[in-house]
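Below you'll find the structure, written out as structure tokens, and then a few comments.
Protein chains: 2
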Amino acid sequence: MEELFARRIQGVPRSFIREILKASLNPEVISFAGGLPNPAFFPVREIEAATTEVFRKYGPSVLQYSNSEGELELREFISQRYKMKKGLNIPAENIIITNGSQQGIDLLAKVFLNSGDSVLIEEPGYLGAIQSLSLYQPVFRPVPVAATGMDVDVLDRNSTDGQTKMLYTVPTFQNPSGITYTDENREAIAAVARKNKFILIEDDPYGELRFSGVHAQSFSAFLPEQTVLLGSFSKIVAPGFRLGWLAAPTWIIEKMIVAKQAADLHTSSFTQKIILEFLQSNNLDQHISRITDVYGRQCRAMTVAIDRLFPKEIEITSPEGGMFLWGKLPEGRCSMTLFHEAVKERVVFVPGDPFYTEKGSKNTFRLNFSCVDPVAIEEGVTRMSAAIARFL
Amino acid sequence: MEELFARRIQGVPRSFIREILKASLNPEVISFAGGLPNPAFFPVREIEAATTEVFRKYGPSVLQYSNSEGELELREFISQRYKMKKGLNIPAENIIITNGSQQGIDLLAKVFLNSGDSVLIEEPGYLGAIQSLSLYQPVFRPVPVAATGMDVDVLDRNSTDGQTKMLYTVPTFQNPSGITYTDENREAIAAVARKNKFILIEDDPYGELRFSGVHAQSFSAFLPEQTVLLGSFSKIVAPGFRLGWLAAPTWIIEKMIVAKQAADLHTSSFTQKIILEFLQSNNLDQHISRITDVYGRQCRAMTVAIDRLFPKEIEITSPEGGMFLWGKLPEGRCSMTLFHEAVKERVVFVPGDPFYTEKGSKNTFRLNFSCVDPVAIEEGVTRMSAAIARFL
């Protein structure tokens, strides 16, 4: 009966990361392979207090069906935060609540992509986006990113075919590379999007996790009519709620609501009310600064240890926030082979392969620092350098 | 920029029901238009106690990312209930947790449908399924249902094209008609599915809401290898959690997990743990029997009032469970016109139109009894009969 499956699902692999995570179940293994926020900062007591308050305030109504757009007050909170933090005017009516920003990617693909349409995507790029978009059978046109952002010439060249629908980006503390597009780079990208007529998807789950430097501008500041913003509470509050949002210009948002309704009617009203109550009763900025203090310390510990212990031919990015570093082995060397050496030293990371739309051996790798304390970081980097020494 | 939209989203209307619901916001209006479970039976205190227990048991871990399949213990509970209630052997590994059964429909369409494939669907059928499936651009082949189930001859005739992927059904207390397929009818449908090689989707949100008669067999009893079951906690516990499930044979389930992961990584682990705790600490059967006692009383009140007050040329179904009655005006009469007359009498219902895949004026209509007490039912039916008298 296998012939009944749709073409889109044939050959799509399960997320590679989850397979790798199994290797890190051994408690003796130090894992830089994760992509999870640090649970030490999940505000459990505050969430519990918020939950009690939600039951008191709303009673049974909080357990009833609700609207597809999401809770208005929560969307207003997000709207006000865009205003306050980025100076963006995005009314609550242009925001819908999604099951994490991952669902935002899926809904955008559903609304915009015919099979065979071109999708621009940063390379390396978020593997969850590659997987989600793949199911709509686009032609991927990867555009390389480096320390200051995206290669605008390649972007322009790759989007003149008239079949290009969207550019997917995580322009701030990118997953996997940790880099941030400069404001100049964003302005130049917006100019290409205006000229070649595609939408800009700015997925920003890490943007608030800045431990140094200054806030970057949103694409929305340069090209609001063609920018869709994806946001998430996963990294600044907790991921278990599966709460994110999508902010889009008026000509797009109505279609997104239809797609959301068809996908699952609406996101849980119960969890939306709890997070709203949490946000209204606590100081989110203070909470985030507690997270970034620690992430910043852990990032520095990793950078310092790598500087001291890794051979100079290995390049490493220098993030100002987020959860990841990105490494590059000398040309032609395979990070998957290094991975197997590293497992023998009881340390794991994610080889670069799943972050590319074209499969094949890669010389890059991702290191996560959000869930490892400085002592373990020092020890893990030491173990990795032993594996590298043997490998090179 | 409208040309950027995918073909699938062009022309898909927003759910008609939600538009109609606006008409019932006037407190003087009696609404038979709803499709909501009665919030008087949401076990708020028990859910609140379960939530407290979940925080105590799990702490921060309940707010972390989790697996795409869903919480194993919850899937085991569902597996055991299939065994106990229906004698079905469905291991937990063949069950995934979804955001309501609505997401199950979307994921099935994603995994099975190429644009242009044939989809069999009961007529009238659940409008949320019509909307969700529409986005995958199938050719709908509607199959009429009547008091004892589906027209098997039409089913066979409509599925011999070799392009037929699936049959979508709500075979027990169907939405919108309230009818239930007999066991003989199900067996005959399964035989056609075996012969013509398509999968059977059994969406069963109302099956446990039986207030008379005996339980019907599942398609899974006749053709397990080609049956996918969709279930939901929305009508037996509460819909605000957006928790449902999908049970499928092994050759299908792996692809469904990939689709679920791409769609939103996973359903909230927090709400899953809460409902699991609720199910373990309370007697679900007792809870359901409290609901069905009242729904049964309300259904009888509506049936009795209609028998007394509606003219005999209007046909009405006689459900043994669920939340809906289905009415039929004389041939050629338009229920949308009756709707406008009914609004003048301060009573609303849902005209049949959105429950068909082919648009056009229909002579059918849906009445909901789950959220209206017997006194209001009597008054509402009286008002409707006044509208009908004027209309006919």
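Protein chains in written order, with the numbering used here: chain A, 51 to 442; chain B, 51 to 442.
Where is the CB? At the ideal position from N, CA and C, for every residue including glycine.
Burial state of residue i (16 or more Cβ within 10 Å)
i: asparagine 139 of chain A; result: exposed
i: methionine 482 of chain A; result: Limits of chain A in this structure are 51 at one end and 442 at the other, which puts residue 482 of chain A out of reach.
i: arginine 260 of chain A; result: buried
i: serine 420 of chain A; result: buried
i: arginine 440 of chain A; result: exposed
i: proline 289 of chain B; result: buried
i: alanine 243 of chain B; result: buried
i: arginine 106 of chain B; result: exposed
i: glutamate 408 of chain A; result: exposed
i: proline 380 of chain B; result: exposed
i: leucine 75 of chain A; result: exposed
i: leucine 183 of chain A; result: buried
i: glycine 84 of chain A; result: buried
i: methionine 306 of chain A; result: buried
i: asparagine 208 of chain A; result: buried
i: glutamine 130 of chain B; result: exposed
i: lysine 394 of chain B; result: exposed
i: glycine 120 of chain B; result: buried
i: valine 264 of chain B; result: exposed
CB of residue i within 8 Å of CB of residue j, strictly
i: threonine 317 of chain B; j: asparagine 144 of chain B; result: no
i: serine 385 of chain B; j: glycine 402 of chain B; result: yes
i: leucine 280 of chain A; j: glycine 154 of chain A; result: yes
i: methionine 434 of chain B; j: alanine 392 of chain B; result: yes
i: glutamate 172 of chain A; j: threonine 219 of chain A; result: yes
i: phenylalanine 190 of chain A; j: leucine 329 of chain A; result: no
i: threonine 296 of chain A; j: isoleucine 180 of chain A; result: Per the sequence shown, the amino acid found at residue 296 of chain A is leucine instead of threonine. No, the Cβ-Cβ distance between leucine 296 of chain A and isoleucine 180 of chain A is not below 8 Å.
i: threonine 198 of chain A; j: phenylalanine 320 of chain B; result: no
i: asparagine 413 of chain B; j: phenylalanine 82 of chain B; result: no
i: arginine 58 of chain B; j: leucine 185 of chain B; result: yes
i: aspartate 167 of chain B; j: proline 188 of chain B; result: yes
i: valine 422 of chain B; j: valine 79 of chain B; result: no
i: alanine 437 of chain B; j: leucine 388 of chain B; result: yes
i: asparagine 235 of chain A; j: valine 202 of chain A; result: yes
i: leucine 124 of chain B; j: phenylalanine 405 of chain B; result: no
i: alanine 100 of chain A; j: serine 331 of chain A; result: yes
Option in the options with minimal Cα separation from residue i
i: phenylalanine 55 of chain B; options: A:Pro361, A:Asn164 and A:Glu237; result: A:Asn164
i: glutamate 429 of chain A; options: A:Ile356, A:Tyr132 and A:Ala288; result: A:Ile356
i: isoleucine 443 of chain A; options: A:Pro255, A:Ala271, A:Val264 and A:Gly263; result: Outside the displayed span of chain A (51 to 442) sits residue 443 of chain A, for which this structure offers no information.
i: leucine 158 of chain A; options: B:Ala312, B:Ser331 and B:Lys412; result: B:Ala312
i: isoleucine 338 of chain A; options: A:Arg396, A:Pro110, A:Val431 and A:Val287; result: A:Val287
i: methionine 216 of chain A; options: A:Leu359, A:Arg383, A:Ile251 and A:Leu86; result: A:Ile251
i: methionine 200 of chain A; options: A:Leu293, A:Ser184, A:Tyr186 and A:Ile229; result: A:Ile229
i: phenylalanine 291 of chain A; options: A:Phe248, A:Pro141, A:Ala90 and A:Ile325; result: A:Ile325
i: proline 424 of chain B; options: B:Glu275, B:Pro361, B:Tyr345 and B:Ile303; result: B:Tyr345
i: glycine 175 of chain A; options: A:Val189, A:Val161, A:Val195 and A:Lys160; result: A:Val195
i: glutamate 327 of chain A; options: A:Val104, A:Asp233, A:Glu53 and A:Met51; result: A:Val104
i: asparagine 88 of chain B; options: A:Ser182, A:Gly85, A:Gln114 and A:Gln336; result: A:Gln114
i: glutamine 267 of chain A; options: A:Lys136, A:Thr214, A:Glu53 and A:Gln60; result: A:Lys136
i: leucine 170 of chain A; options: A:Met134, A:Thr214 and A:Ser129; result: A:Thr214
i: leucine 293 of chain A; options: A:Thr300, A:Pro255 and A:Phe360; result: A:Pro255
i: phenylalanine 415 of chain A; options: A:Ala436, A:Ile427, A:Glu395 and A:Ile364; result: A:Ile364
i: threonine 277 of chain B; options: B:Gly263, B:Thr300 and B:His265; result: B:Thr300
i: methionine 134 of chain A; options: A:Glu98, A:Asp335 and A:Glu52; result: A:Asp335
i: phenylalanine 162 of chain A; options: A:Phe248, A:Glu78 and A:Lys362; result: A:Phe248
i: aspartate 253 of chain A; options: A:Ser151, A:Val204 and A:Asn208; result: A:Ser151
i: lysine 362 of chain A; options: A:Ala99, A:Val308, A:Tyr132 and A:Lys378; result: A:Lys378
i: arginine 358 of chain B; options: B:Thr210, B:Gly120, B:Val264 and B:Ile427; result: B:Ile427
i: serine 116 of chain B; options: B:Thr210, B:Lys394, B:Asp233 and B:Lys310; result: B:Lys310
heavy atom of the ligand COA below 7 Å from residue i C-beta
i: phenylalanine 223 of chain A; result: This structure lacks the ligand COA, and indeed carries no ligand of any kind.
* Hey, which unbroken runs of the alpha helix (DSSP H) at 4 residues or more fall wholly within the segment 80-118 of chain B? -> DSSP runs (the alpha helix (DSSP H)) wholly in the segment 80-118 of chain B: 94-108.
* To do: Note down, one range per segment and in chain order, each beta strand (DSSP E) of at least 3 residues found wholly within the segment 245-281 of chain A.
  => 249-253
* Would you say the segment 365-380 of chain A touches the segment 215-232 of chain A, given that touching needs at least three Cβ pairs under 8 Å? -> yes
* To do: Can you check the segment 329-417 of chain A for any beta strand (DSSP E) of at least 3 residues that lies completely inside it and give the ranges in chain order?
  => 374-378
* Asked: Any chance the segment 110-120 of chain A sits against the segment 81-99 of chain B, with 3 or more Cβ pairs inside 8 Å?
  -> The segment 110-120 of chain A makes contact with the segment 81-99 of chain B: 3 or more CB pairs, one atom from each, lie closer than 8 Å.
* Asked: At what residue ranges does the segment 188-241 of chain B contain a whole run of the beta strand (DSSP E), taking only runs of 3 or more?
  -> 189-196 and 214-219
* What are the start and end residues of each continuous alpha helix (DSSP H) run of 4 or more residues lying completely inside the segment 298-322 of chain B, in chain order? -> 300-314
* Where in the segment 151-195 of chain A do unbroken runs of the alpha helix (DSSP H), each at least 4 residues long, occur, reported from the N-terminal end onward? -> Runs of the alpha helix (DSSP H) inside the segment 151-195 of chain A: 177-184.
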